[in-house]
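Structure first, commentary second.
Residue numbers (my numbering): 1022 to 1346.
Structural data, given as structure tokens:
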């Protein structure tokens, strides 16, 4: 018997009523986990300075002590409570990260989408502006500004990061807009007399959601790491607590050599968990806007024998009645 003569069972899709799923984005496990972690961070950023068990800068008699009932995350070389410092620093990190992300995302959407859709001289001017900001080194510029000022506040650091980190996302959005501007639905909207801002808002931006979200997440992570880096190298004030300040003092006092892991591990884990939460939200957005990703592994078919087969991307189930000779 040849392979071409092999018969296969006829399969039929399982009849399932089409139901409108509410809160489909939140129902995604990745997005829900990411949003839950971000919500916890947001709550700690708001109430953290009020619920710290100790003053983060207050000295004590318990020097370089491991975690205990009195100090949940141990103490520093001055007897300062690491847990209180971690809670106090959450507000600064979250504010700088999300404020810079919002500023950079708004600028990248306005400049990138406008350049890609309008074209002509406008595209040339905005593209040249993007190229200029693309080569500006953000971190050295922030170091110069914060070194010049006596006490650079969080909003100023976030504003500088946002104003210097929008160009890459703007170029990506411009390229995506160029690929969408000649699509049928955009041409139909333009033919019906829709204004430019309505076409951009209601036709283009919904199709750029995943790209915008990815750029926002990347900018937030970059802003968080930039602020922590500035504090770690001692550029910002050492009396203003954030996770980088904790790492700065831990490195300066050789916490690793003293085997004081509790001094730097909590801050490192906080940074890693925040990045993971943002990545999970980004994955959830990708699956929400892409039907192909959203339905991956969820479509089931039932054979005549009653066996259920799960359909997956890139795989086609083939069930044979008898094996090949």
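Just so you know, even glycine gets a beta-carbon here, dropped at the ideal spot from N, CA and C.
In DSSP terms, what residue i is bridged to
i, result
"residue 1102", "1096"
Straight-line Cα distance separating residue j from residue i
i, j, result
"residue 1194", "residue 1094", "44 Å"
"residue 1122", "residue 1241", "5 Å"
"residue 1289", "residue 1105", "15 Å"
"residue 1166", "residue 1252", "14 Å"
"residue 1257", "residue 1168", "8 Å"
"residue 1211", "residue 1135", "15 Å"
"residue 1230", "residue 1198", "12 Å"
"residue 1276", "residue 1097", "9 Å"
"residue 1296", "residue 1214", "44 Å"
"residue 1159", "residue 1116", "18 Å"
"residue 1053", "residue 1232", "20 Å"
Beta-carbon contacts of residue i that lie in its chain and below 7 Å, excluding the five residues immediately before and after
i, result
"residue 1087", "1095 and 1283"
"residue 1109", "1069, 1070, 1073, 1077 and 1262"
"residue 1234", "1303 and 1306"
"residue 1202", "1137 and 1138"
"residue 1147", "1132, 1135 and 1136"
Cβ-based neighbour list, residue i, same chain, cut-off 6 Å, excluding 5 preceding and 5 following
i, result
"residue 1051", "1301, 1304 and 1305"
"residue 1133", "1191, 1194 and 1195"
"residue 1058", "1298"
Coil, strand or helix - residue i by DSSP
i, result
"residue 1256", "coil"
"residue 1144", "helix"
"residue 1170", "coil"
"residue 1275", "coil"
"residue 1086", "coil"
"residue 1240", "helix"
"residue 1079", "coil"
"residue 1157", "coil"
"residue 1303", "helix"
"residue 1262", "coil"
"residue 1151", "helix"
"residue 1187", "coil"
Residue i: CB within 6 Å of a non-hydrogen atom of the ligand FAD
i, result
"residue 1241", "The ligand content of the structure shown is nil, which means the ligand FAD is not present either."
Residue from the options with nearest C-alpha to residue i
i, options, result
"residue 1155", "1131, 1184, 1130 and 1163", "1184"
"residue 1265", "1279, 1291 and 1144", "1291"
"residue 1151", "1125, 1227 and 1226", "1125"
"residue 1173", "1248, 1228 and 1285", "1248"
"residue 1081", "1063, 1100, 1268 and 1129", "1100"
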